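Engineer: Pasting in a structure now, in structure tokens, and then I'll have a few things to ask.
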Amino acid sequence: MAAPGTRTSEEKSTRRPAAGKADTTKVLAVPKGRTGAARVLLGRDAIMIYVLVVVVLYASIAIPRFASPVTVGFLLLDVIPTLLIALPMTLVIISGEIDLSVASIAGLTSALMGVLWQGGMPIALVLVICVLAGLVAGAFNGVLIAYLGLPSLAVTIGTLALFRGLALVVIGDNAVANFPPGLTSFFTSKIGGTGIPTVMIGVVVLIIAFAVVLHFTPFGRGLFALGYSREAATFVGIDVARSKFVLYLATGTVSALAGIYWTLRYSSARSDNASGLELAVIAAVLLGGVSIFGGKGSIPGVLAGVLLIGTINYALKLDRVSEVVLIIVTGSLLILSVVAPNIAAAVQRARHARQVRAAPLP
């Protein structure tokens with residue numbers, strides 16, 4: 025017990041500074057992230073939308089015939105397969121996995137559709153069987169990756185070749201083109217004079233469904249946790265294997281829908297349909313802000329990425345640029361989408377380190 029009239033150590037440490045003297049003790053400020061409207065207006069999704077608007081405006085001014093309902097119609101018809109497959113691919117990459125077999129599943133579906141229709145099967149039954157074929161292909165990927173624990177990159181590179189080979193076995197070098205005219209015309213029809221394809225109604229429904237699942241359900245939030253850390257996701261009760269299996273079922277099924285659309289839009293079933301589509305899908309997803317390492321991304325950003333790549337490619341086609349250049353542009357955008365976020369993160373870390381070094385010590 026302290027003697028009367030003396031101060032304890034706690035009282036000395038909490039003593040206020042003497043009158044006329046300023047307290048020179050400074051607390052190191054902690055950098056604050058963006059909040060509220062700033063986060064929305066300056067986020068990656070918003071930036072992608074700004075870039076898309078700038079590209080559309082420039083193309084409308086610089087390229088003849090770009091700003092017309094006809095252009096809108098053909099542009100959307102071109103991007104629908106990429107847009108469809110990009111939806112489940114977004115969820116797959118957010119979870120820390122990848123699927124390179126999506127275009128081959130679409131090609132296999134197209135080949136199967138041509139053979140079944142040529143064999144006299146009703147078109148409604150043909151469509152059902154094709155969707156089921158995509159579901160089975162996705163389940164095959166899912167079992168190998170989710171339940172056997174094989175790396176998704178190696179598995180889907182293998183099934184990319186496997187499914188494309190099966191498509192060639194199913195239909196050979198033949199092409200089937202005598203699909204029902206009413207069905208093929210529906211897949212190229214427009215809504216009034218807007219130029220917007222009628223099938224975009226179904227695509228919008230799928231977009232809303234995937235957005236709700238990813239951003240507003242426990243399953244979707246679990247995918248972000250899974251992408252950050254599989255161990256942490258397991259610890260909080262997420263069924264990792266089942267989640268991954270469901271994702272590959274989704275990619276297989278939607279890829280089959282893309283194959284059906286591709287076949288009916290061009291009225292041609294071939295084994296090489298949708299070749300190279302996986303490159304455009306992955307480029308659009310990564311450009312739209314999904315991290316290749318998992319744990320980060322959104323559906324609105326991916327939509328902007330798909331439309332941006334589609335707009336650039338279509339504008340270059342109108343400007344009579346060769347297909348080789350279009351492939352180079354897509355590949356460059358893919359590299360940019362991977363490198364740019366890492367550069368931005370490095371710059372941010374360097375800026376934060378300078379702020380810490382420049383701050384006065386307490």
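Per my numbering, the very first residue in the sequence shown carries number 25; after that it's consecutive.
Where is the CB? At the ideal position from N, CA and C, for every residue including glycine.
Computed from a predicted model, the values in this text were never measured in an experiment.
Closer than 8 Å by C-beta to THR258: which residues in its own chain qualify, once you throw out the five before and the five after it? Chain order, please.
Structural biologist: In the sequence shown, the residue the question calls residue 258 occupies position 234. Taken in chain order, the residues that qualify are VAL264.
Engineer: To the nearest angstrom, how far is it from the Cα of CYS154 to the Cα of VAL167?
Structural biologist: As a first step, residue 154 is located in the sequence shown; it is residue number 130 there, counting from the start. As a first step, residue 167 is located in the sequence shown; it is residue number 143 there, counting from the start. If you take the alpha carbons of CYS154 and VAL167, they lie about 20 Å apart.
Engineer: With DSSP collapsed to three states, give me the class of LYS268.
Structural biologist: As a working note, residue 268 is residue 244 in the sequence shown. In the structure shown, LYS268 sits in a helix (DSSP, three-state: H, G or I).
Engineer: How far does the alpha helix (DSSP H) with PRO365 in it reach, from first residue to last?
Structural biologist: Position 341 of the sequence shown, counted from the first residue, corresponds to residue 365. Element bounds for PRO365: 347-382.
Engineer: Where do the N-terminal and C-terminal ends of the alpha helix (DSSP H) with THR133 fall, by residue?
Structural biologist: Taking the sequence shown and counting its residues from 1, the one referred to as residue 133 is at position 109. Its alpha helix (DSSP H) spans residues 126-142.
Engineer: Check whether the Cβ atoms of ALA184 and SER279 sit closer than 9 Å, and answer yes or no.
Structural biologist: Translated into the one-based positions of the sequence shown, residue 184 becomes position 160. Translated into the one-based positions of the sequence shown, residue 279 becomes position 255. This sequence places Leu at residue 184; Ala is not what is there. No, the pair does not count as a contact, with Cβ atoms beyond the cut-off.
Engineer: Going straight from the alpha carbon of THR287 to that of SER92, what length do you get?
Structural biologist: Residue numbering aside, residue 287 sits at position 263 when the sequence shown is read from its first letter. Residue numbering aside, residue 92 sits at position 68 when the sequence shown is read from its first letter. About 26 Å.
Engineer: Starting from the C-beta of ILE169, find all residues in its chain whose C-beta is less than 7 Å away, skip the five residues before and the five after it, and write them out in chain order.
Structural biologist: For the purposes of this step, residue 169 is taken as the residue at position 145 of the sequence shown. Excluding positions up to five away in sequence, the list reads GLU121, SER176, VAL179, LYS268 and TYR272.
Engineer: At the level of alpha carbons, what is the spacing between GLU302 and ASP123?
Structural biologist: Residue 302 sits at position 278 when you count from the first residue of the sequence shown. Residue 123 sits at position 99 when you count from the first residue of the sequence shown. Looking at the two C-alpha atoms, the distance is approximately 8 Å.
Engineer: In this structure, does DSSP put PRO205 in helix, strand or coil?
Structural biologist: Walking along the sequence shown from the start, residue 205 turns up at place 181. Looking at PRO205 - three-state DSSP - the assignment turns out to be helix.
Engineer: Which two residues bound the contiguous alpha helix (DSSP H) that contains PHE259?
Structural biologist: In the sequence shown, counting from the first residue as 1, residue 259 sits at position 235. Per DSSP, PHE259 belongs to the alpha helix (DSSP H) from 254-259.
Engineer: My output table needs one value for ALA185: the three-state DSSP class, helix, strand or coil.
Structural biologist: Counting from 1 along the sequence shown, the entry for residue 185 is found at position 161. Three-state result, ALA185: helix.
Engineer: Roughly how far, in whole angstroms, is the beta-carbon of SER291 from the beta-carbon of PHE210, given that I think they are within contact range, below 8 Å?
Structural biologist: Locating residue 291 in the sequence shown gives position 267, where the first residue counts as 1. Locating residue 210 in the sequence shown gives position 186, where the first residue counts as 1. Not quite, the Cβ-Cβ distance comes to about 12 Å (not below 8 Å), so this is no contact.
Engineer: Could you check what DSSP says for LYS320 in three-state terms: helix, strand or coil?
Structural biologist: Within the sequence shown, numbered from 1, the residue matching residue 320 stands at position 296. In this structure, LYS320 counts as coil in the three-state DSSP scheme.
Engineer: Please work out which residues of its chain come closer than 6 Å, Cβ to Cβ, to PRO324, disregarding the five sequence neighbours upstream and downstream, and give them in chain order.
Structural biologist: Locating residue 324 in the sequence shown gives position 300, where the first residue counts as 1. So the list reads ASP69, once near-sequence residues are dropped.
Engineer: So, helix, strand or coil for PRO105, using DSSP?
Structural biologist: Here residue 105 refers to the residue found at position 81 of the sequence shown. In the structure shown, PRO105 sits in a helix (DSSP, three-state: H, G or I).
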